[in-house]
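To convert a position in the sequence shown, counted from 1, into the numbering used here, add 1.
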Amino acid sequence: MTDGGARAGRRLTRALRRGSWGGIAIVASPAASAHTAGDGAGAFYAGLGHLFSDPAHVLLLLAIGLGLGLRPSPTARFGTWSFCLTLLVGLGAAFGFGLLPGLDRLLLALAAVTALSLVVVGAVLPGWAVLGMASLSGLAIGLDSAPPDGPWQASLMMLSGTLLGALMGVVYVVVIVGYFQKPWQRIGVRVAGSWIAASALLVLALRFAGV
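Encoded structure:
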């Protein structure tokens, strides 16, 4: 990663850390919702738990993070922000309209395609194509993260947990992979990408089989 890319990565990391403390402060504030702070914290961590307990979400986060991390710094930076923006849009739509059926299969297929094209094959895609895949990934994860029925305050806290977890997951993977410049390190990243693609296809096959 170039010096400029390293500085950009550090800025993103610092922003995520500040966001983490901000999220914790919101959870702890009695005025954050009509519920107690403990209830808010429970909903917040439920959002985190939902994100990282769903194989489709985890595989797609890893795939897009690895794919962006292998890109030049400007593409990685803009791709990360595109992911963030569309994730917000998707979460807003999920909050307003609820869960759309069949999205988990879309996420798994997208994870496999992303891992194969951006990581394993290392295709030289134009910047707009990479940004498009990052944007679609963020939107898909957001749409598939609709909270269960309940008070709107708890739903917002749950979505906040999902938002923070997804942003931290992608940003940290992008920053870490960006420092892997040696050939053997890049090979290791591509091997990880092949595992992600294979896992996504396996889970997708199981979903179609009704398992």
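Just so you know, even glycine gets a beta-carbon here, dropped at the ideal spot from N, CA and C. None of the values given here were measured: they were computed from a predicted structure.
Taking the straight line between their C-alpha atoms, what separation do you get for residue i and residue j?
i    : j    : result
L119 : L109 : 15 angstroms
L207 : L107 : 14 angstroms
V90  : G162 : 15 angstroms
T87  : L168 : 11 angstroms
A95  : L144 : 5 angstroms
A130 : A113 : 16 angstroms
L157 : P184 : 44 angstroms
D105 : A57  : 6 angstroms
V171 : P149 : 25 angstroms
A210 : A201 : 14 angstroms
I213 : L63  : Summary: the structure shown does not reach residue 213, with the chain confined to residues 2 through 212, and so no result is reported for it.
I188 : G97  : 43 angstroms
Where does residue i sit, in a helix, a strand or coil, going by DSSP?
i    : result
L101 : coil
P148 : coil
P127 : coil
Residue j and residue i - do their beta-carbons sit closer together than 7 angstroms?
i    : j    : result
L60  : V190 : no
G103 : A147 : no
V175 : L92  : no
S54  : V121 : no
Got a sec: is the Cβ-Cβ distance from residue i to anything in chain D below 7 angstroms?
i   : result
A95 : Absence of chain D from the displayed structure is noted, only one protein chain being present.
Does at least one heavy atom of the ligand GDP sit under 6 angstroms from the Cβ of residue i?
i   : result
V59 : No copy of the ligand GDP appears in this structure; indeed no ligand is present at all.
Continuous alpha helix (DSSP H) assignments of at least 4 residues falling wholly in the segment 52 to 86
If we require 4 residues or more, the alpha helix (DSSP H) runs fully inside the segment 52 to 86 come out as 56 to 70.
Taking 8 angstroms as the threshold, find out whether the segment 70 to 88 comes into contact with the segment 132 to 146 through three or more Cβ pairs.
These segments touch.
Could you check whether the segment 71 to 79 touches the segment 145 to 160, counting it as contact only if at least three pairs of C-beta atoms, one from each stretch, sit closer than 8 angstroms?
No: the two stretches stay apart, fewer than three of their Cβ pairs being nearer than 8 angstroms.
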